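Okay, so here's the structure we're looking at.
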Amino acid sequence: MREYKVVVLGSGGVGKSALTVQFVTGTFIEKYDPTIEDFYRKEIEVDSSPSVLEILDTAGTEQFASMRDLYIKNGQGFILVYSLVNQQSFQDIKPMRDQIIRVKRYEKVPVILVGNKVDLESEREVSSGEGQALAEEWGCPFMETSAKSKTMVDELFAEIVRQMDYDESKITQTFKGELNVTFSKLVCVL
544 MREYKVVVLG SGGVGKSALT VQFVTGTFIE KYDPTIEDFY RKEIEVDSSP
594 SVLEILDTAG TEQFASMRDL YIKNGQGFIL VYSLVNQQSF QDIKPMRDQI
644 IRVKRYEKVP VILVGNKVDL ESEREVSSGE GQALAEEWGC PFMETSAKSK
694 TMVDELFAEI VRQMDYDESK ITQTFKGELN VTFSKLVCVL
(Lines of atoms letter the chains of each structure in order from A; the text may use other names.)
(Lines give C-alpha, C1' and ligand atoms only; values in the text may rest on other atoms or scores of the structure.)
Protein backbone atom coordinates (compact mmCIF):
# COMPACT_ATOMS: atom_id res chain seq x y z
CA MET A 544 0.00 0.00 0.00
CA ARG A 545 1.40 3.38 -0.97
CA GLU A 546 1.92 6.02 1.69
CA TYR A 547 1.82 9.73 0.93
CA LYS A 548 2.67 12.76 3.02
CA VAL A 549 0.20 15.61 2.53
CA VAL A 550 0.73 19.07 4.02
CA VAL A 551 -2.23 21.42 4.50
CA LEU A 552 -1.17 25.08 4.40
CA GLY A 553 -3.00 28.40 4.66
CA SER A 554 -3.56 31.41 6.91
CA GLY A 555 -5.09 31.10 10.37
CA GLY A 556 -8.85 30.59 10.48
CA VAL A 557 -9.35 29.43 6.88
CA GLY A 558 -10.53 25.95 7.91
CA LYS A 559 -7.46 23.74 7.45
CA SER A 560 -8.16 21.75 10.60
CA ALA A 561 -11.90 21.62 9.91
CA LEU A 562 -11.29 20.17 6.42
CA THR A 563 -8.77 17.65 7.71
CA VAL A 564 -10.88 16.50 10.68
CA GLN A 565 -14.00 16.31 8.49
CA PHE A 566 -12.11 14.04 6.08
CA VAL A 567 -10.49 11.84 8.75
CA THR A 568 -13.36 11.53 11.27
CA GLY A 569 -16.47 12.75 9.45
CA THR A 570 -17.15 15.45 12.04
CA PHE A 571 -17.18 19.24 11.83
CA ILE A 572 -15.27 21.33 14.37
CA GLU A 573 -17.46 24.29 15.36
CA LYS A 574 -15.04 26.06 17.70
CA TYR A 575 -11.90 27.66 16.27
CA ASP A 576 -8.84 26.54 18.22
CA PRO A 577 -5.60 27.63 16.52
CA THR A 578 -3.43 24.67 15.57
CA ILE A 579 0.31 24.49 16.11
CA GLU A 580 0.67 21.17 14.33
CA ASP A 581 -1.55 18.09 14.12
CA PHE A 582 -0.83 14.82 12.37
CA TYR A 583 -3.45 12.40 11.01
CA ARG A 584 -3.37 9.07 9.17
CA LYS A 585 -6.16 7.69 7.04
CA GLU A 586 -6.50 4.87 4.56
CA ILE A 587 -8.17 5.92 1.33
CA GLU A 588 -9.03 4.10 -1.87
CA VAL A 589 -8.75 6.17 -5.03
CA ASP A 590 -9.47 4.69 -8.45
CA SER A 591 -9.43 1.15 -6.96
CA SER A 592 -5.96 1.68 -5.50
CA PRO A 593 -5.53 1.75 -1.69
CA SER A 594 -3.24 4.34 -0.12
CA VAL A 595 -2.43 5.69 3.32
CA LEU A 596 -2.38 9.44 3.74
CA GLU A 597 -0.24 11.03 6.43
CA ILE A 598 -1.76 14.49 6.74
CA LEU A 599 0.06 17.32 8.47
CA ASP A 600 -2.30 20.10 9.53
CA THR A 601 -0.08 23.15 10.04
CA ALA A 602 -0.26 26.39 11.98
CA GLY A 603 -1.61 29.29 9.99
CA THR A 604 -0.20 32.02 12.22
CA GLU A 605 2.90 33.94 11.20
CA GLN A 606 4.76 33.05 14.42
CA PHE A 607 5.10 29.46 13.13
CA ALA A 608 5.98 30.38 9.53
CA SER A 609 9.63 29.43 10.08
CA MET A 610 8.56 25.80 10.60
CA ARG A 611 7.03 25.70 7.10
CA ASP A 612 10.33 24.89 5.37
CA LEU A 613 10.57 21.65 7.35
CA TYR A 614 6.94 20.73 6.61
CA ILE A 615 7.46 21.45 2.93
CA LYS A 616 10.72 19.53 2.72
CA ASN A 617 9.02 16.38 4.02
CA GLY A 618 5.73 16.77 2.13
CA GLN A 619 4.87 15.10 -1.17
CA GLY A 620 1.60 16.88 -1.89
CA PHE A 621 0.21 20.21 -0.74
CA ILE A 622 -3.29 21.49 -0.15
CA LEU A 623 -3.24 25.31 -0.13
CA VAL A 624 -6.37 26.59 1.60
CA TYR A 625 -7.82 30.09 1.70
CA SER A 626 -11.19 31.29 2.94
CA LEU A 627 -13.70 32.43 0.34
CA VAL A 628 -14.90 34.99 2.87
CA ASN A 629 -11.45 36.52 3.47
CA GLN A 630 -9.64 38.24 0.58
CA GLN A 631 -6.44 38.59 2.64
CA SER A 632 -6.21 34.80 3.08
CA PHE A 633 -6.28 34.51 -0.73
CA GLN A 634 -3.37 36.95 -0.98
CA ASP A 635 -1.48 35.09 1.78
CA ILE A 636 -1.58 31.80 -0.14
CA LYS A 637 0.63 33.09 -2.99
CA PRO A 638 3.89 33.38 -1.00
CA MET A 639 3.21 29.93 0.50
CA ARG A 640 3.18 28.40 -2.97
CA ASP A 641 6.39 30.32 -3.79
CA GLN A 642 7.94 28.87 -0.63
CA ILE A 643 7.01 25.33 -1.74
CA ILE A 644 8.72 25.88 -5.11
CA ARG A 645 11.80 27.37 -3.40
CA VAL A 646 12.16 24.55 -0.85
CA LYS A 647 11.36 21.72 -3.29
CA ARG A 648 13.37 23.29 -6.15
CA TYR A 649 10.79 21.90 -8.51
CA GLU A 650 8.02 23.81 -10.28
CA LYS A 651 5.56 20.91 -10.74
CA VAL A 652 5.01 19.87 -7.12
CA PRO A 653 1.55 18.29 -6.53
CA VAL A 654 -0.59 21.18 -5.26
CA ILE A 655 -4.33 21.80 -5.04
CA LEU A 656 -5.69 25.30 -4.51
CA VAL A 657 -8.74 25.25 -2.25
CA GLY A 658 -11.28 27.96 -1.54
CA ASN A 659 -12.98 26.88 1.68
CA LYS A 660 -16.26 27.95 3.33
CA VAL A 661 -18.44 27.77 0.22
CA ASP A 662 -21.38 27.40 2.64
CA LEU A 663 -20.96 31.12 3.47
CA GLU A 664 -21.79 32.24 -0.09
CA SER A 665 -23.50 35.46 1.04
CA GLU A 666 -20.24 36.61 2.70
CA ARG A 667 -17.98 35.73 -0.25
CA GLU A 668 -15.01 38.05 -0.88
CA VAL A 669 -13.08 35.88 -3.38
CA SER A 670 -14.85 34.90 -6.60
CA SER A 671 -14.62 31.45 -8.15
CA GLY A 672 -13.05 33.14 -11.16
CA GLU A 673 -10.19 34.53 -9.06
CA GLY A 674 -9.44 31.10 -7.62
CA GLN A 675 -9.69 29.41 -11.02
CA ALA A 676 -7.40 32.02 -12.63
CA LEU A 677 -4.73 31.53 -9.96
CA ALA A 678 -4.94 27.73 -10.29
CA GLU A 679 -4.55 28.02 -14.06
CA GLU A 680 -1.53 30.29 -13.58
CA TRP A 681 0.01 27.69 -11.26
CA GLY A 682 -1.06 24.73 -13.41
CA CYS A 683 -2.87 23.00 -10.56
CA PRO A 684 -6.43 21.85 -9.75
CA PHE A 685 -8.84 24.21 -7.99
CA MET A 686 -11.74 23.27 -5.73
CA GLU A 687 -14.24 25.07 -3.56
CA THR A 688 -15.08 23.19 -0.38
CA SER A 689 -17.00 23.39 2.86
CA ALA A 690 -15.91 21.45 5.90
CA LYS A 691 -19.23 22.33 7.54
CA SER A 692 -21.44 20.84 4.82
CA LYS A 693 -18.77 18.32 3.74
CA THR A 694 -18.86 19.76 0.21
CA MET A 695 -16.04 18.34 -1.93
CA VAL A 696 -13.98 17.25 1.11
CA ASP A 697 -13.52 13.59 0.14
CA GLU A 698 -13.01 14.62 -3.49
CA LEU A 699 -10.25 17.01 -2.40
CA PHE A 700 -8.20 14.31 -0.71
CA ALA A 701 -8.83 11.85 -3.55
CA GLU A 702 -7.55 14.46 -6.02
CA ILE A 703 -4.33 15.11 -4.09
CA VAL A 704 -3.68 11.34 -4.18
CA ARG A 705 -4.16 11.39 -7.97
CA GLN A 706 -1.77 14.34 -8.25
CA MET A 707 0.87 12.54 -6.17
CA ASP A 708 0.37 9.28 -8.13
CA TYR A 709 0.87 11.17 -11.39
CA ASP A 710 3.94 12.98 -10.04
CA GLU A 711 5.44 9.73 -8.74
CA SER A 712 4.98 7.98 -12.10
CA LYS A 713 6.55 10.95 -13.93
CA ILE A 714 9.57 10.97 -11.60
CA THR A 715 9.97 7.20 -11.98
CA GLN A 716 9.93 7.47 -15.78
CA THR A 717 12.45 10.33 -15.68
CA PHE A 718 14.70 8.41 -13.29
CA LYS A 719 14.59 5.26 -15.46
CA GLY A 720 15.44 7.34 -18.53
CA GLU A 721 18.38 8.99 -16.76
CA LEU A 722 19.50 5.61 -15.43
CA ASN A 723 19.49 4.09 -18.94
CA VAL A 724 21.49 7.03 -20.30
CA THR A 725 23.97 6.77 -17.43
CA PHE A 726 24.45 3.01 -17.89
CA SER A 727 24.85 3.37 -21.65
CA LYS A 728 27.65 5.88 -21.06
CA LEU A 729 29.37 3.43 -18.72
CA VAL A 730 29.58 0.64 -21.29
CA CYS A 731 33.19 0.06 -22.17
CA VAL A 732 34.59 -2.07 -24.98
CA LEU A 733 37.84 -3.94 -24.21
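Quick note, my numbering runs 543 ahead of the 1-based positions in the sequence shown.
Heads up, the beta-carbon is just placed ideally off N, CA and C, and yes, glycines get one too.
Please read these numbers as outputs of a predicted model, since none were measured by experiment.
Smallest Cα separation from GLY682: which of VAL652, LYS559, SER670, GLU673? VAL652
What span of residues does the beta strand (DSSP E) with MET686 cover, start to end? 685-688
By alpha-carbon positions, which one of GLY620, LEU656, LYS559 ends up nearest to VAL549? GLY620
What first and last residue would you give for the alpha helix (DSSP H) that runs through PHE621? Where PHE621 is concerned, there is no enclosing alpha helix (DSSP H), although the beta strand (DSSP E) it sits in stretches over 620-626.
Compare the C-alpha of VAL704 against each of GLN631, ILE655, VAL661 and name the closest. ILE655
Confirm, please, whether the CB-CB distance from ASP662 to SER632 is below 9 Å. no
Could you check what DSSP says for VAL730 in three-state terms: helix, strand or coil? Because VAL730 carries a pLDDT of 46, less than 50, the predicted location of this residue cannot be relied on, and the following value inherits that uncertainty. In the structure shown, VAL730 sits in coil (DSSP, three-state: anything other than H, G, I, E or B).
Tell me the rounded alpha-carbon separation between VAL595 and MET707. 12 Å
With burial defined as no fewer than 16 other Cβ atoms inside 10 Å of the residue's Cβ, what is the status of SER592: buried or exposed? Of the other Cβ atoms in all chains shown, fewer than 16 fall within 10 Å of the Cβ of SER592; this residue is therefore exposed.
Segment limits, alpha helix (DSSP H) that includes VAL564: 559-568
Quick check on ARG545: does DSSP put it in helix, strand or coil? Under the three-state reduction of DSSP, ARG545 is assigned to strand.
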